[in-house]
Amino acid sequence: MSNLKPPHFPEHPSSESPRAREELADRLRSFHREQVQQLGQSEMLKVYCRTLSNWILNPTTSAYQIAMLCDELSLVARSEDRDDWEL
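The sequence shown lines up with residues 10 to 96 when you count with my numbering.
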């Protein structure tokens, strides 16, 4: 059984609020740092890949959301500002 600690996201944040989105991003960064410290970078990468694959295969995920995520992943992979997420 995994020792992953859930990131304590609100159940239904208001997507209309920029502040709520900033808070969610901060919580995700904090969750990422904690889990990388606990699991290591390669294991956390596996967690992200499995999660993304499950999300993409979920029939309620729209093709638009998938395309936007793939575009963002590609953009960040080519960016030099990736250090925000490192420990």
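Even for Gly, the Cβ is constructed at its ideal location relative to N, Cα and C. Being a predicted model, the structure only gives us computed values, none of them experimental.
Can you list, in chain order, the residues of its chain whose CB lies under 8 Å from that of residue 79, leaving out five sequence neighbours each side?
Counted from its first residue, the sequence shown places residue 79 at position 70. The answer is none, since no qualifying residue turns up.
Output the residue ranges of the alpha helix (DSSP H) runs that lie fully inside the stretch 24-83 and measure 4 residues or longer, sorted by chain position.
Fully enclosed alpha helix (DSSP H) runs of 4 or longer: 27-48 and 50-66.
Rounded to whole angstroms, what is the Cα-Cα separation between residue 30 and residue 81?
Position 21 of the sequence shown, counted from the start, is the residue given in the question as residue 30. Position 72 of the sequence shown, counted from the start, is the residue given in the question as residue 81. When rounded, the distance between both Cα atoms is 16 Å.
Which term fits residue 77, buried or exposed, when burial requires 16 or more other beta carbons within 10 angstroms of its beta carbon?
Reading the sequence shown from its first residue, position 68 is the one you call residue 77. It is exposed - the Cβ of residue 77 has fewer than 16 other Cβ atoms within 10 Å.
Quick check: the Cα distance between residue 84 and residue 71, rounded to an integer number of angstroms?
Counting from 1 along the sequence shown, the entry for residue 84 is found at position 75. Counting from 1 along the sequence shown, the entry for residue 71 is found at position 62. Going from the Cα of residue 84 to the Cα of residue 71 covers about 20 Å.
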